[in-house]
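Numbering (our numbering), first residue to last: -5 to 613.
Below: the structure, in structure tokens.
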Amino acid sequence: MSHHSSLFDSYSIRRVRPPKNKIGTSAKHDSAITHVMGTATYVDDITKPQGTLHLAVGKSSHAHARILGMDLSAVREADGVVDVLSFKDLPAQTDIGAVFDGEPLMVNDITEYVGQTLFVVVATSHRAAKKAATKAVVEYEPLPAVLSIDKALEQELFVRPSHFMKRGDAATALESAPIRIEGHIHMRGQEHFYLEGQVSYVVPCDDGGLEVYTSSQHPSEVQQLVAEVTDLPFHAVNTVVRRMGGGFGGKETQAAAWACLCGIVAKRHNAPVSMRLDRQDDMVVTGKRHEFANRYEVGLDESGRILGVDMQLAGLCGYAPDLSDAIVDRAMFHCDNAYYYPAARVAGHRCKTHTVSNTAYRGFGGPQGLMTAEYMMDHIAYTLGQDPLQVRLANLYQDGQSTHYGQTIEHFDLANIMTKLAADCDYDKRRQQIIAANKQAAAEGSDKRLGLALTPVKFGISFTVQTLNQAGALVHVYTDGSIHLNHGGTEMGQGLYIKIAQIVANEFDVDLDTVKVSATRTDKVPNTSPTAASSGTDINGKAAQNACLSIKARIVEFAAEHFEVSQEDIRFEQNHVYIGDKETLTFAEMIQLSYQNRISLSSTGYYKTPKIFYDRSKA
Ligand code: QUE
-5 MSHHSSLFDS YSIRRVRPPK NKIGTSAKHD SAITHVMGTA TYVDDITKPQ GTLHLAVGKS
55 SHAHARILGM DLSAVREADG VVDVLSFKDL PAQTDIGAVF DGEPLMVNDI TEYVGQTLFV
115 VVATSHRAAK KAATKAVVEY EPLPAVLSID KALEQELFVR PSHFMKRGDA ATALESAPIR
175 IEGHIHMRGQ EHFYLEGQVS YVVPCDDGGL EVYTSSQHPS EVQQLVAEVT DLPFHAVNTV
235 VRRMGGGFGG KETQAAAWAC LCGIVAKRHN APVSMRLDRQ DDMVVTGKRH EFANRYEVGL
295 DESGRILGVD MQLAGLCGYA PDLSDAIVDR AMFHCDNAYY YPAARVAGHR CKTHTVSNTA
355 YRGFGGPQGL MTAEYMMDHI AYTLGQDPLQ VRLANLYQDG QSTHYGQTIE HFDLANIMTK
415 LAADCDYDKR RQQIIAANKQ AAAEGSDKRL GLALTPVKFG ISFTVQTLNQ AGALVHVYTD
475 GSIHLNHGGT EMGQGLYIKI AQIVANEFDV DLDTVKVSAT RTDKVPNTSP TAASSGTDIN
535 GKAAQNACLS IKARIVEFAA EHFEVSQEDI RFEQNHVYIG DKETLTFAEM IQLSYQNRIS
595 LSSTGYYKTP KIFYDRSKA
């Protein structure tokens, strides 16, 4: 071979060794060094040209009020201010609701939460914009505000219709049960506290399009919404996400508003536009984990086995739907946690309140559902004077049973796992010790108690909305044997990029550093799903693997013909390609040879999760 490359020179020595950082080994994060050095570039770190404009929002100070008037003259006259926009200046679509309408980019008439955007200041610096925004004089006519789940339930104020899941006749099961108990559990919300706040930077292109840099878990949605609010076709907007400083669900839908505002102003002024939320603003104006107030009534036999359950789950959604339909659905899917409810009725309510719209947050309603089941288990145990672990074991699913939404339980190993864990950790002995210690503490008048719990979790990974369970990838192999990888998943510190690079390296059996990970871009892989629902590695990894398999198949077909061997004799192993026992090429040599012979070395890959659906109309 005449091919020489500095990067791969060492490989042309035919020293066979296992590839570095294979799947199953712990490769370091692709940005570990730059994270530590502080040189990893986040959106706000991008060097921006002179003339870049900066945005700040004017925020509502009322939870629910009619805007009678806004005097923005002092804002306009403030230092560094270039422009001020309010609702009437929006050029195209005004609503950015992710799934359902209800999230105006700016308030038109009625504000529905403290912090809602009333107007946007365009200035020559971030500080100038922020300072000017405080100078508005806004006249409000306060309206009654609903701020709690109870009030919303009472007034039947919902952002979406309630949804119900049923199995058998729960009412009859409860009526005829020898033991009946009821209870409730209230779980509060939670701030995401991603390390990097919401941020966006939009650069206009010479063809009228927009290049959007954002910290988003859902680049395709940002692309689509920016296009819709600026009246551009989707192809004219490209979203780039190299990394986020944490997301935790808080950047799934709620990164879009800032990108949209930047996009509108970038187009209006034909200038690059930057916007970031300072922490104190970010915490006020973005949604959090859903607060839930859940009730249950459960019928039992004398042994503590559940005969029927009636549950009501109510999530505090805030003023708009956002992802609340799917979040309350997931709470409903998990309200059995790992337990069989022979008869069940589950109601899920999406309470509308005059607060910021709550959003995806790690677990996506699942924790709020399954906590209800766990709380109920303890309630049953304490009522019957049984060990909580025994109550849990007695009510666990068994293979072949089905859930209250009709999914057959398969591969259910929890009973074995829990029994083994209980034995391994000396559960019974420790339980006795704790009971004795707590008795003594009580006798001594101490308020200190010890506790012990062994708790199972059944969690449904993947999107509950079937469509979203698909992914795409793009893999290029260059003629030096180096590999470029792109896919629809986003990196937020969790290590997705390096994991998918490992999948690609594994498919060709080459060193991990042969594969370069690249920023997620909507012009490379289109129509992507959010990186969410515990599915990022699975779906994007399979898509990337499928791209590799296409390229490999072409190489194998070519090599078999070229070397006159059968396709089965060609193996990608240990940075080499073996042509039976005839010939051994380095991976780079094989790639070079394929190129010389006009074999395409680039492929898209696609994957859709099999066997997954929910018919919501039948619940
Ligand atoms: C976790 C999830 C889901 C999710 C986000 C998560 C999920 C789901 C959706 C969803 C539904 C409809 C949409 C959309 C997202 O998001 O199950 O954009 O239009 O269905 O973090 O489990």
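Virtual Cβ for every residue (Gly too), placed ideally from N, Cα, C.
Taking C-beta atoms as the reference points, H212 and K282 fail to come closer than 8 Å. Between T166 and the set D276, W252, E291, the nearest pair of CA atoms involves E291.
Counting only runs of 3 or more residues that sit fully inside the segment 575 to 610, the beta strand (DSSP E) segments are 577 to 580, 596 to 602, in chain order.
When the beta-carbon positions are compared, V197 and E205 come within less than 8 Å of each other.
In this structure R237 is in contact with S25, their Cβ atoms being roughly 7 Å apart against a cut-off of 8 Å. For C345, the beta-bridge partners assigned by DSSP are F152, L310. M31 is classed as exposed because its beta carbon has fewer than 16 other beta carbons within 10 Å across all chains shown. Here the alpha carbon of E562 sits roughly 19 Å from the alpha carbon of N540.
Under the rule that a run must span 3 or more residues, the beta strand (DSSP E) segments found entirely inside the segment 478 to 524 read 509 to 511.
Distance between T118 and S194, taken at the CA atoms: about 16 Å.
Contact annotation: the segment 491 to 504 does not touch the segment 447 to 466, with fewer than three C-beta pairs closer than 8 Å. Relative to the ligand QUE, the nearest heavy atom lies less than 7 Å away from the CB of E246.
Close CB contacts of S456 within its chain, under the 7 Å cut and outside five residues either way in sequence, are with N463, A527, S529, T603, I606 (chain order). DSSP, reduced to helix, strand and coil, places Y355 outside both helices and strands of the structure shown, so it counts as coil. Straight-line spacing of the CA atoms in P98 and G535 works out to 36 Å.
Only exposed fits H405, as fewer than 16 other CB atoms lie within 10 angstroms of its CB. Here S396 is exposed: its Cβ has fewer than 16 other Cβ atoms, across all protein chains shown, within 10 Å.
In the DSSP annotation of this structure, P198 is not part of any alpha helix (DSSP H); the continuous beta strand (DSSP E) holding it starts and ends at 193 to 198.
V115 is bridged by DSSP to A50, V78. For L294, no alpha helix (DSSP H) run applies; the uninterrupted beta strand (DSSP E) run containing it begins and ends at 285 to 294, by DSSP. The beta-bridge partner set that DSSP reports for Q464 consists of K602. Residue environment analysis places F158 among the exposed positions, since fewer than 16 neighbouring C-beta atoms fall within 10 angstroms of its C-beta.
Under a 10 Å Cβ-count criterion, V51 is classified as buried, with 16 or more other Cβ atoms of the shown protein chains found around its own Cβ. Restricted to the segment 223 to 253, the beta strand (DSSP E) segments that are unbroken, complete and at least 3 residues in length are 231 to 235, listed in chain order.
The segment 471 to 489 and the segment 513 to 522 touch, with no fewer than 3 CB-CB distances between them shorter than 8 Å.
Boundaries of the alpha helix (DSSP H) harbouring H373: 360 to 378, taken from the DSSP string. Under the criterion of beta carbons closer than 8 Å, I374 and I175 qualify as touching, at roughly 7 Å.
In the structure shown, the three-state DSSP call for M181 is strand. Taken from the Cβ of T397, every heavy atom of the ligand QUE lies 7 Å or farther away. When only Cα atoms are considered, K442 and P12 end up about 55 Å apart. Within the model, the alpha-carbon separation for S523 versus H556 is close to 41 Å. If you look at G63, you'll find it in the beta strand (DSSP E) that goes 59 to 65. Cβ contact annotation for Q184 (same chain, cutoff 8 Å, sequence separation greater than five): K282, R283, Y355, in chain order.
Here the segment 329 to 341 does not lie against the segment 117 to 135, with fewer than 3 beta-carbon pairs under 8 Å apart. Distance from the CA of A250 to the CA of N410, rounded to the nearest whole angstrom, comes to 45 Å.
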